[in-house]
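Let me begin by presenting the structure, written as structure tokens, before commenting on it.
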Amino acid sequence: MKIVGIVGSNAEVSYNRLLLNFIKKQYSQLFDLDVIEIKDIPLFNQSDNQTESAPIQKLNKKITEADAVIIATPEHNHTIPASLKSVIEWLSFEIHPLENKPVMIVGASYYDQGSSRAQLHLRQILDAPGVNALVMPGNEFLLGKVKQAFDENNNLKEQNTIKFLESTLKKFVQFVQLVTRLDESSDQPLPEEDLHVTNTIDTTIKDVNMSAEDWVEQAAKKVNAVEGDTYVKLNRGILTVDQINTFLASMPMELTFADNNNQFLYYNYTKPAEEMLADRVPGQVGNPLALCHPERSLKSVEWVIQQLRSGKQDAVRVHVPTHGPDKFVVHNYQAMHDDQGNYAGINEYVLDFKPVVNWYLKQTGQKLEGSTDSLSNSPKHDVDAGSGATTKG
Amino acid sequence: MKKFIGLVGTNADHSTNRMLLQFMQKKFKQQADIELMEIRDIPIFNKPEDKVVPNIVKEMAEKIEQADGVIISTPEYDHSVPASLINALNWFSYGIFPFVDKPVMITGASYGTLGSSRAQLHLRQILDAPELKARIMPSSEFLLSHSLQAFDENSNLKDNDQVEKLTRLFEDFLVFVELVNQLTHAHGDNKKEAENFSWENI
Numbered sequence: 511m512k513i514v515g516i517v518g519s520n521a522e523v524s525y526n527r528l529l530l531n532f533i534k535k536q537y538s539q540l541f542d543l544d545v546i547e548i549k550d551i552p553l554f555n556q557s558d559n560q561t562e563s564a565p566i567q568k569l570n571k572k573i574t575e576a577d578a579v580i581i582a583t584p585e586h587n588h589t590i591p592a593s594l595k596s597v598i599e600w601l602s603f604e605i606h607p608l609e610n611k612p613v614m615i616v617g618a619s620y621y622d623q624g625s626s627r628a629q630l631h632l633r634q635i636l637d638a639p640g641v642n643a644l645v646m647p648g649n650e651f652l653l654g655k656v657k658q659a660f661d662e663n664n665n666l667k668e669q670n671t672i673k674f675l676e677s678t679l680k681k682f683v684q685f686v687q688l689v690t691r692l693d694e695s696s697d698q699p700l701p702e703e704d705l706h707v708t709n710t711i712d713t714t715i716k717d718v719n720m721s722a723e724d725w726v727e728q729a730a731k732k733v734n735a736v737e738g739d740t741y742v743k744l745n746r747g748i749l750t751v752d753q754i755n756t757f758l759a760s761m762p763m764e765l766t767f768a769d770n771n772n773q774f775l776y777y778n779y780t781k782p783a784e785e786m787l788a789d790r791v792p793g794q795v796g797n798p799l800a801l802c803h804p805e806r807s808l809k810s811v812e813w814v815i816q817q818l819r820s821g822k823q824d825a826v827r828v829h830v831p832t833h834g835p836d837k838f839v840v841h842n843y844q845a846m847h848d849d850q851g852n853y854a855g856i857n858e859y860v861l862d863f864k865p866v867v868n869w870y871l872k873q874t875g876q877k878l879e880g881s882t883d884s885l886s887n888s889p890k891h892d893v894d895a896g897s898g899a900t901t902k903g
Numbered sequence: 004m005k006k007f008i009g010l011v012g013t014n015a016d017h018s019t020n021r022m023l024l025q026f027m028q029k030k031f032k033q034q035a036d037i038e039l040m041e042i043r044d045i046p047i048f049n050k051p052e053d054k055v056v057p058n059i060v061k062e063m064a065e066k067i068e069q070a071d072g073v074i075i076s077t078p079e080y081d082h083s084v085p086a087s088l089i090n091a092l093n094w095f096s097y098g099i100f101p102f103v104d105k106p107v108m109i110t111g112a113s114y115g116t117l118g119s120s121r122a123q124l125h126l127r128q129i130l131d132a133p134e135l136k137a138r139i140m141p142s143s144e145f146l147l148s149h150s151l152q153a154f155d156e157n158s159n160l161k162d163n164d165q166v167e168k169l170t171r172l173f174e175d176f177l178v179f180v181e182l183v184n185q186l187t188h189a190h191g192d193n194k195k196e197a198e199n200f201s202w203e204n205i
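Protein chains in written order, with this note's numbering: chain A, 511 to 903; chain B, 4 to 205.
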């Protein structure tokens, strides 16, 4: 379970930050907690819409992708700090990532009250129509007198507090599971994927037959693509096209780039199809994804792209067990995003994990428990087990 | 004549709360001098370690200190007070305490039906915090709903009943200010309590 922990204060010193970091460390068996800061988020102003700015988009993406959110709030003036209120206002103005998101509220304060009033306000705020979060009822966690609460290693001192916090967090995990089930049952189907690429996007090279064997040559001519020793400026560096090719060819995996329009644009071509883990041939490049896969696996292909485009999953991994016990080949469909956080297509990297794991075991002197070939015995996944792209024809 | 600050509870360029305060400024100019105060240039509060309050905040606090009372008009964002107004109040209780025992009248305007009712309740609780400790006029809600349609082309409130209600409330506020001025017994304690209220050392 992936949970985002929002530090509800932009102050340099914050016990709420300590509390979230403690939760992350102490209860890592229950969930992964990504502790995020709000200090880069500007003060909300409806006349100066900064929804598209990087800090807000980053927060939006993290919350959208998380299963749940924990907010740790201090109390200023009997309510939540302006900086936290501001964040919620941005997240209920043009974007609504907290909608139907399970949220748990915790809070630490210098006083006995432990942010009780701020927490009540926060509940009401999160319940507002523009926010529409699903705040876990009951189960308040108020940490009063925080200055005495942590030891020198930033751990909570009181065993009873640690136990109580654990029981509350366990209830929250159940709450998240419950809410997620409710949510799934009412889920709208995701939009269909245009696997035949009937539309174009800004970067589509137009008026070249996508299924042509020499699409690369035709398309390159069309856009005057640079090659050879021409320099290309990158983030961050400068390489010639030849150097980029050398670099990508040296990657210890097979790389494939499909854009967000489902067009196969690139693979790091170093060897013939029959020597590859997932076979590709030069003439395939440029094809719509529908042409790269057998008809029977198109539904699976669509499902994978829907997961990535919608942000439901950041990566879909499929183990392809047809390579024998000496390899553990995984097709990794990794979502790509531009610097605004928009879906930009798929980086499919096909990697044999076996040498990586073997190297790790050797370096650390560890052995795998159980059978010697446990690594290659994982159950066959039925998603696109026909594997990624297959040789055309 | 009484001198009041009309605190615009939002940093938005267009605000019916600003219009409401401007209307009150004009309507009650015989009874009081209302100076509008904007919060949009106040930097975001981040509890600075060095406790240095920005000059703009100090200047505003000084004006509030000098005034006989403050009228705050708040919109409602997400069932509560806008971050920008909370932000201003955070600063106004960080080593400076201009609101202690200051008579405050709360008004609010909203585009919808409820007229910022929940935000006003939160604002009452906020102003009651020990480090702000304002004297908020009790039982005196003024909620202006559907505020986009509430003003005519001369920026006057259209609905006569509402104008009358606002007038009566304002007259009450003038009396309330006098009353508060007599509530002096606890003033020393309140001031001390606010000053002793350290964000660090309680």
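By construction, the Cβ of each residue, glycine as well, lies at the ideal position given by its N, Cα and C atoms. In this text, all values refer to a predicted model and were calculated from it rather than measured experimentally.
Item                                                                                                                                                                             : Value
Could you list the residues in the stretch 124 to 158 of chain B with a C-beta less than 7 Å from some C-beta on chain A, going in chain order?                                  : His125, Gln128, Ile129, Asp131, Ala132, Glu134 and Leu135
Buried or exposed: which applies to Gly738 of chain A, given that a residue is buried once 16 or more other Cβ atoms fall within 10 Å of its Cβ?                                 : exposed
Does DSSP classify Pro798 of chain A as helix, strand or coil?                                                                                                                   : strand
Going along the stretch 537 to 571 of chain A in order, which residues come within less than 8 Å of chain B, judged by CB to CB distance?                                        : Lys549, Pro552, Leu553, Phe554, Asn555, Gln556 and Ser557
Give the secondary structure of Gln773 of chain A by DSSP, where H, G and I count as helix, E and B as strand, and everything else as coil.                                      : strand
Compute the beta-carbon to beta-carbon distance between Val707 of chain A and Gln753 of chain A, rounded to the nearest angstrom, for a pair I have assumed lies under 8 Å.      : With a Cβ gap of about 31 Å, Val707 of chain A and Gln753 of chain A do not count as contacting.
Kindly indicate which residue of A:Ser721, A:Lys716 and A:Val839 has the alpha-carbon position closest to the one of Lys864 of chain A.                                          : A:Val839
Return the CA-CA distance between Val55 of chain B and Met614 of chain A, expressed in angstroms with no decimal places.                                                         : 34 Å
Could you check what DSSP says for Ala35 of chain B in three-state terms: helix, strand or coil?                                                                                 : strand
How long is the line joining the alpha carbons of Arg627 of chain A and Val866 of chain A, rounded to whole angstroms?                                                           : 52 Å
Excluding five sequence neighbours on each side, which residues of the same chain lie with their C-beta closer than 6 Å to the C-beta of Val814 of chain A?                      : Val826 and Tyr843
By the criterion of Cβ-Cβ separation under 9 Å, what are the contact partners of Ser113 of chain B in chain A?                                                                   : Simply none; closest approach about 12 Å.
Shortest alpha-carbon distance to Ser557 of chain A belongs to which of A:Lys822, A:Glu858, A:Glu604 and A:Asn570?                                                               : A:Glu604
Looking at C-alpha atoms only, which residue of A:Asn520, A:Glu575 and A:Ile551 is the closest neighbour of Ala845 of chain A?                                                   : A:Glu575
Quick check: the Cα distance between Glu167 of chain B and Gln34 of chain B, rounded to an integer number of angstroms?                                                          : 15 Å
Interface residues of chain B around Asp704 of chain A at Cβ under 9 Å?                                                                                                          : The contacting residues do not exist; Asp704 of chain A stays about 37 Å from chain B at best.
Between the Cα of Gly834 of chain A and the Cα atoms of A:Asp862, A:Glu879 and A:Pro762, which residue gives the shortest distance?                                              : A:Asp862
Could you tell me if Lys136 of chain B is buried or exposed, where buried requires 16 or more neighbouring beta carbons within 10 angstroms of its beta carbon?                  : buried
Starting from Glu599 of chain A, find everything on chain B with Cβ-Cβ shorter than 8 Å and list it in chain order.                                                              : Tyr80, Asp81, Pro85 and Ala86
If you compare alpha carbons, which of B:Gln128, B:Leu126, B:Leu146 and B:Ala132 is closest to Leu117 of chain B?                                                                : B:Leu146
Consult DSSP for Leu644 of chain A and reduce its assignment to one of helix, strand or coil.                                                                                    : strand
If you pair each beta-carbon of the stretch 43 to 51 of chain B with each one of the stretch 73 to 84 of chain B, do three or more pairs fall below 8 Å?                         : no
Just to confirm the assignment, what range does the alpha helix (DSSP H) spanning Leu543 of chain A have?                                                                        : Run containing Leu543 of chain A: none in the alpha helix (DSSP H); it sits in the beta strand (DSSP E), Asp542 to Ile546.
Find the nearest neighbour of Ile566 of chain A within the set A:Ser593, A:Asn734 and A:Ala729, judged by alpha-carbon distance.                                                 : A:Ser593
Looking at Tyr537 of chain A and Glu676 of chain A, is the spacing between their C-beta atoms short of 8 Å?                                                                      : yes
So, with DSSP's three-state summary, where would you put Arg138 of chain B?                                                                                                      : strand
Is Ala189 of chain B helix, strand or coil by DSSP?                                                                                                                              : coil
Starting from the beta carbon of Lys50 of chain B, find every residue of chain A whose beta carbon is closer than 7 Å, and list them in chain order.                             : Ala521
So who's on the other strand from Ala825 of chain A, going by DSSP bridges?                                                                                                      : A:Gln844
Can you say whether Lys611 of chain A is buried or exposed, counting buried as having 16 or more other CB atoms within 10 angstroms of its CB?                                   : buried
Under the rule that 16 or more other beta-carbon atoms within 10 Å means buried, what is His188 of chain B, buried or exposed?                                                   : exposed
Measuring straight from C-alpha to C-alpha, what distance separates Lys902 of chain A and Asp724 of chain A?                                                                     : Low confidence applies here, because Lys902 of chain A scores a pLDDT of 39, under 50, leaving its location unreliable and the question unanswered by this model.
Following the continuous beta strand (DSSP E) through Asp862 of chain A, name the residue where it begins and the one where it ends.                                             : Tyr853 to Asp862
For Pro612 of chain A, which residues does DSSP report across the bridge?                                                                                                        : A:Leu644
Using the Cα positions of Thr110 of chain B and Arg819 of chain A, report the straight-line distance between them to the nearest angstrom.                                       : 46 Å
Which residues in the same chain as Tyr854 of chain A place their Cβ atom closer than 6 Å to its Cβ, once the five residues preceding and following it in sequence are excluded? : Reading off the sequence, residue 854 of chain A comes out as Ala, not Tyr. Excluding sequence neighbours, Ala854 of chain A sits near Asn770, Met846, His847 and Asp848.
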